[in-house]
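A.B. asks: Please find one structure pasted underneath; my questions will follow.
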Amino acid sequence: MDPFEKSTTVDVEVRAYVTSLVNAVGGRSTYDDSYSVGDDAVAVLKDLQRWLRLYDEKTNRHDVKRVLAEANLVKGDLLEILALWPEDAQENKHKAKLALACLELLVPLTWPLQLDEEKATVNHHRHVPYLQLAQVGYKRAVLQFEDAKVLRTVVRTALPAMATTRRERSKRDEGIIKLMMYFFRNMAMITQPQHLPSQGDENDISRSATIEAFQEQDVFNVLLTVGSGTGDEFQEQDVILLEVLFHLLKGVDARKLFMKREQVNTEETTELKNLLQKEKAMLDSYKRHAPTRHNRFGTMIWVKREDEKLSTVSGQTSMTNETDTLRHMDASKKWDKPLYRGKLAQEFDENSEFGMRVDLSDNSRKHLRAFVGDFLDSSFNPLFSSLRKAIEREADRVQSMHNKQYFYLISWFLNAEAARRDQSRREGSWNADRATQVGPEDNTFAYIAAVLDQETFVLLNRQMQEAFDNKSWQDLHATLLCFTQILLTVQNMAESKDEEDQEIAENIQNRIFYEESTHDRIVQILRGYTHQGFAYLDAVTECVHVFVRMLERYSKQNVDMQIRSKRRARKKKQQQTNGEAGDDAEEAAEDAREVARTVSERKFDFAKYSAKFLSQPCVNTFNSFTQYYRDLTPVQLKRAHRYFYRLAFKHELAVLLFRVDILALFHKLIKGPEGLDSAMEGYRDWEQLVQQVFRRCIKWVDRETTGQGWREACIVEMLFSKIPNTLFYLQNGYEQVVEKRPPRPPAELEIKPSVAAEQRIAIATSLLIEQAKAEDLDWVKKQLQNAADERQSWEDDQAARMGLVSLEDRAEAAADAPEPEAAPTIFATPDNEERKAALFKDKHLRLLLTTLGFQRLGLADDAEAAWIIPSELSASQLNDALNQIKKAEFDPPTFEDDKTAADLVRSKAAGRRGATFNDNDSDTDASGSGGDIDEAMFPPNLKEKRKRKDDDEKPTKRRKRNAVERTEEELDDLRRARDQKEREKNAKIKSKLFITESDDESDAEADAEFFRLEEQRRQKTAGVIRNALLKQMDDAGDEAERQVDDMQKGKKTKQSAKTVAKKAAKKAKKTSKFVDSGDEDQIMIDAGDQSSDDAAEAIVPRRRSRKSSPLGVESSDDDDESALAPRNRQERSKQSSPIELSDDHDSSPLPSDMEDEMDRSHRPPQKQKNLPLKEVSANKSSARIVDSDDDEEEQDPVVLAKPAVSRRNVRAGFIIDDSDDE
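Be aware that the sequence shown starts at 1, since it is given in full-length UniProt numbering, and climbs by one per residue.
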């Protein structure tokens, strides 16, 4: 069905009613060919409005609009009625009323129509194309109407409402102003549809024609008036003005707008020259393979490939060389490229597309430049401040498309202001008398200050993130353009000569670069490019290029640059204990973990951040951008060149470029066909880059490695993108060795010492309950129950065994076994991997286990260490612990001062440091984060009084004559170090001020146990020590008698026996202090296993094994045996009794038990070798070898005996000096 056929497109009754109303509006007079208005024209126009509103809008149809378009209402009636209102008849209310009624019809009829494929009906597909062409005719008629200035008449219609102040303005007045603004918006928005045939000259409705009509009919002045008053008088019209400006300025080159006519001509000539060069290069490439006069002769060749397969190629172009043959084969291949199944990334919309370029005529460029300059001077700040507030408040008048238009216009006007500033600086004083012209030294950034505040940056970041998350690519495109232009503006401010501008620029850069989220967002946007189109790709690469360059410069200027980073952290909700048992399920649900962000500051590292741009997705984005090299300007090509250069040579990641498609593109850029022009700017840089990339690629393939197959692996890897796991291996030829750090154990917790023992298990249990770790608690209870049952079975078995043994056998078994058999150790086995990890990482679970008495085997950082239930814990203790846990579950403990279980727990490290001296201190929580105490625990000691030096005493230190004078910073460092040392010294002071009465209290049971053990030890060692002392005393006595006999016979010196005995006694007393503790301990240990006589004999081989005595006296075994030859002790005991050697010492008879021991020790040993006296410890002997005072006269050692009374100084196995008795 033909959509332009009138008979079947609209219902007949609707057509009849609407047509009759159109005829009643008025018509041409047959007398003078002038237009005559009908008698009820105002009422008829109101009826037509009702038809549009009640029929078209409510039924979602366009039948009435179609009938009005076919009836030529706009051109034949409405514009004629507006032309009947002359400018000198402003007070004519009837004419003004008619003009307003016409305006109310023009606005809906010229409202741009969009065909939504998802919601469109058959009616829409039938009427929308016709109506779009009709609207083009409406715009042409309005702009080119000869009898009157229609736009100026519309302005006159709204002037009374605009002249009224906002407070006195009614809703009707606000509606009239909106109608006027919407009509201007429609005129700026209507364009020729690209998919429909043109029905006239497109220049009549072009952007240039619209701008000239707006300038000629004072529309620009109205826009400036509304824009300057958006903050006060015209606040509700800011969004409509935004749309008018967007459709007027989109696609216009702002920098060319502020150029002079000569500069524009020069640039256009340069562009034409470049296009001609490209065309010539394209024709030259075509001529190489163009058909010739002999091309009518057919040619077909076979190409034999490596796998013995044949390929057929036809045409003479395949005969020139091998390269052309292969290229011809590739060109003849057919590739059915798979369709993109995702959402279309680039949706073309003529009304919202701002990536298209629009050329203006000279007159229109002149008028638009004047309007933009005046708008920047007077209306930019008020308008965009009002728009920002409206977008932040999400006002009803703001729609989703307005966000995109807002950010695009910010970027456009910032670019225009930069172009005007540059042009002003170039002109100098040539136009200095212009009112709005400023000199280079003046501050021109005040005109755009409304978009350089913190509120705009926050809004920009939020909209950019939302657009990226929602994949609204056009919105993201606009935000990227805005962000890039803001960065360039800040860069110009930093380069300004005004110090105030430099300070503002520094502040803005600090705020922009302070957020790490902004850095990460730029990286994500660069990685996320897929099919968004060239305009979006150009915006992304430009934003990344400018951002990285400015960030690098700023980080170099500010070495200590700090950024705010946000990290995800797990945070637990505090459990609310209200005592209601029925709310357990709800409380458990509320205790689920939620994700929160923790904010922290850290130092910025540009090298680490720039490495984020060196991934394969980022390379793919710039590779896609470089594929448009035929359409790129030298500036855009330089942008891609700088990225590839930084990637390959600064960061040594050229391996990311070793991919077949990238290498083929680089080769095509330089070697062709259809490569870069060798005469263009930047060609030499690209040539060197490509040359070095291919050179490194060849070296990479030919690298010598330890393994085999490196070349084959490289060739295969060139077919695919590089992944991070294999990137290091491809770079270096060997795998990266990553050292795994051992897991770090958690901080060990302990319950404060002030807590009673019966509450400790309850506190540890309460912590697990507060942390919602019921599963761990159930596992602990299960382990306790199993351990108690197993331990009880073992105890019952032991009791049964003891019951079968008789009393006599039981006594013998008790005598033979000094210690009872210990219970077997029980291992606490985790039931799953999560439990196993919790036993290592969960500090609260570990606190409960240690409180219960469990022990952990292994090192602190050993994650595989096992937990055991030691033998000391009996079944009753385990059952008691289990009952306490169950009680704490159903009846949680309560504490004083509203404290929780976490307040009674601290870390062991804090306890050792003494940071939590007061157990009631609540600064240390369950996490073990105890606060440090700045002050010392005790007052410092009093300073000692220095002794006054004599006047003639020399100083200990001399001053250096050429000593270097210290600076204030060095003196402060020394002072701080001295104060720190003093604090550390005071922290170690212990004072009696804090000694409590409990420190002096003694435990009677502990004391009784201690003395009982000491008594057992004394009984075991008494016989051994006694035998050793008696044996050595007898040997020493025999030697002394022999020396006395020798002296009486004259064989030795003339010293008397009494003198010799005195010397020996003194020597023995002195050497009694040199006690061999190792020998003494050995005697005490051996005494528990052997009898007194056996222990005395067991000492001999141990003493022989030692090489030298503590005094360093050495002799051979032969000399020892000859000097200590055994005698008949029974004869010696009959001849003499213990000898009194000195009157200074009191002698007393030995007790009866010691006499029995002496009688037993006088029995002749069987094959016993005598121990050298030099090896006998003071605990075992009262005799030692004494060298004579005169080494020349006395060469044989003299053995003296110690009086028997000294044996009473042996107590509990220890020798007590005589001075101790005093």
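Beta carbons are placed, not taken as given, at the ideal position from N, Cα and C, and that holds for glycine. Please read these numbers as outputs of a predicted model, since none were measured by experiment.
What are the partner residues of L749, as DSSP defines its beta bridges?
C.D. replies: S907, per the DSSP bridge assignment.
A.B. asks: Under 8 Å by Cβ, that's how I've got T325 and V313 pegged, so tell me the actual separation to the nearest angstrom.
C.D. replies: Going by Cβ atoms, the distance from T325 to V313 rounds to 6 Å, so yes, they are a contact pair.
A.B. asks: Let me make sure I understand the geometry here. Which of E168, A158, A539 has the alpha-carbon closest to that of T225?
C.D. replies: Nearest of E168, A158, A539 to T225, Cα basis: A158.
A.B. asks: State the start and end residues of the unbroken beta strand (DSSP E) segment that holds R28.
C.D. replies: Its beta strand (DSSP E) spans residues 26-28.
A.B. asks: Check whether the Cβ atoms of V655 and K722 lie closer than 9 Å to each other.
C.D. replies: Taking 9 Å as the Cβ cut-off, V655 and K722 qualify as a contacting pair.
A.B. asks: For the pair the segment 894-906 and the segment 859-867, tell me if three or more CB-CB distances fall below 8 Å.
C.D. replies: Flag = no, the segment 894-906 and the segment 859-867 do not touch.
A.B. asks: Is the distance from the Cβ of residue 1277 to the Cβ of L882 below 9 Å?
C.D. replies: With the chain covering 1 to 1222 only, the question about residue 1277 has no answer from this structure.
A.B. asks: Of the choices G229, H195, R152, whose alpha-carbon is the least far from that of R166?
C.D. replies: Minimum Cα distance to R166 is reached at G229.
A.B. asks: Can you tell me the Cβ-Cβ gap for I486 and L414, rounded? I've got them flagged as a contact below 8 Å.
C.D. replies: At roughly 7 Å, the Cβ-Cβ gap stays under 8 Å, so I486 and L414 are in contact.
A.B. asks: Leaving out the 5 sequence neighbours to the left and right, which residues in its chain are closer than 6 Å to M401 when beta-carbon positions are compared?
C.D. replies: No residues qualify anywhere along the chain.
A.B. asks: Mind checking whether K178 and E243 have CB atoms under 9 Å apart?
C.D. replies: The answer is no: Cβ separation not under 9 Å.
A.B. asks: Kindly identify the DSSP beta-bridge partner or partners of A866.
C.D. replies: For A866, which the question treats as bridged, DSSP gives no partner whatsoever.
A.B. asks: Relative to the C-alpha of V128, which candidate in T1021, Q562, F246, H195 has its C-alpha closest?
C.D. replies: Measuring from the Cα of V128, the nearest candidate turns out to be H195.
A.B. asks: Using the C-alpha atoms, what's the distance from D422 back to Q491?
C.D. replies: Going from the Cα of Q491 to the Cα of D422 covers about 14 Å.
A.B. asks: Does the Cβ of N507 have 16 or more other Cβ atoms within 10 Å, making it buried, or fewer, making it exposed?
C.D. replies: The residue is exposed, with fewer than 16 neighbouring Cβ atoms inside 10 Å.
A.B. asks: According to the neighbour-count rule (16 or more other Cβ atoms, all chains shown, within 10 Å of its Cβ), is E770 buried or exposed?
C.D. replies: Under this definition E770 is a buried residue.
A.B. asks: Assuming V74 and N186 make a contact with CB atoms under 8 Å, what is their CB distance in whole Å?
C.D. replies: Contact doesn't hold; Cβ gap of about 12 Å is too wide.
A.B. asks: Taking three-plus beta-carbon pairs below 8 Å as touching, is the segment 121-137 in contact with the segment 60-80?
C.D. replies: Flag = yes, the segment 121-137 and the segment 60-80 touch.
A.B. asks: Mind checking V154: buried by the 16 CB within 10 Å criterion, or exposed?
C.D. replies: With 16 or more other Cβ atoms within 10 Å, it is buried.
A.B. asks: Quick one: what's got a C-beta closer than 8 Å to Y514's C-beta in the same chain, skipping five residues either side?
C.D. replies: Excluding positions up to five away in sequence, the list reads Q562, I563, R564.
A.B. asks: Between the Cα of A607 and those of A640, E652, K119, spot the shortest distance and give me the residue it belongs to.
C.D. replies: Out of A640, E652, K119, E652 has the C-alpha closest to the C-alpha of A607.
A.B. asks: Quick check on F1010: buried or exposed, where buried means 16 or more other Cβ atoms within 10 Å of its Cβ?
C.D. replies: Per the 10 Å Cβ criterion, exposed.
A.B. asks: Which value, in whole angstroms, describes the spacing of the CA atoms of A747 and D897?
C.D. replies: C-alpha separation (whole angstroms): 27 Å.
A.B. asks: Closest to L460 by C-alpha separation, out of C697, T444, H477, Y447, would be which residue?
C.D. replies: Residue H477 is the option with its Cα nearest to L460.
A.B. asks: Roughly how many angstroms lie between the CA atoms of Q1016 and A1004, to the nearest whole one?
C.D. replies: Looking at the two C-alpha atoms, the distance is approximately 19 Å.
A.B. asks: Out of G227, D374, V559, A535, which one is the CA nearest neighbour of R357?
C.D. replies: Ranking the options by Cα distance to R357, first place goes to A535.
A.B. asks: Starting from Y529, follow its DSSP beta bridges and name the residues at the other end.
C.D. replies: Looking at the DSSP assignment, Y529 forms no beta bridge with any residue, so it has no partner.
A.B. asks: I need the DSSP call for K178, collapsed to helix, strand or coil.
C.D. replies: Helix.
A.B. asks: Do you know offhand how far L488's Cα is from L537's?
C.D. replies: Cα to Cα, L488 sits roughly 19 Å from L537.
A.B. asks: Output the distance between the C-alpha atoms of Q509 and R156, rounded to the nearest integer angstrom.
C.D. replies: Rounded to the nearest angstrom, the two C-alpha atoms are 47 Å apart.
A.B. asks: Using 8 Å as the Cβ pair cut-off and three pairs as the minimum, do the segment 387-399 and the segment 363-374 touch?
C.D. replies: Verdict: no, contact absent.
A.B. asks: Can you tell me whether DSSP reads S361 as helix, strand or coil?
C.D. replies: The answer is coil: DSSP assigns S361 none of H, G, I, E or B.
A.B. asks: Please identify the residue among Y683, K668, H844 whose C-alpha is closest to the C-alpha of R327.
C.D. replies: Closest option to R327, Cα to Cα, is K668.
A.B. asks: Provide the residue(s) that pair with T312 in DSSP beta bridges, ordered along the chain.
C.D. replies: T312 is bridged to W302.
A.B. asks: Tell me whether A1057 sits in a helix, a strand or coil according to DSSP, three-state version.
C.D. replies: Note on A1057: pLDDT 46, under 50, position unreliable in the model; the coordinate value appears next. In the structure shown, A1057 sits in a helix (DSSP, three-state: H, G or I).
A.B. asks: Residues in its own chain within less than 8 Å of L21 by CB, not counting five upstream and five downstream?
C.D. replies: If we look at L21 and ignore the five residues flanking it on each side, its Cβ neighbours are V44, D47, L48, W51.
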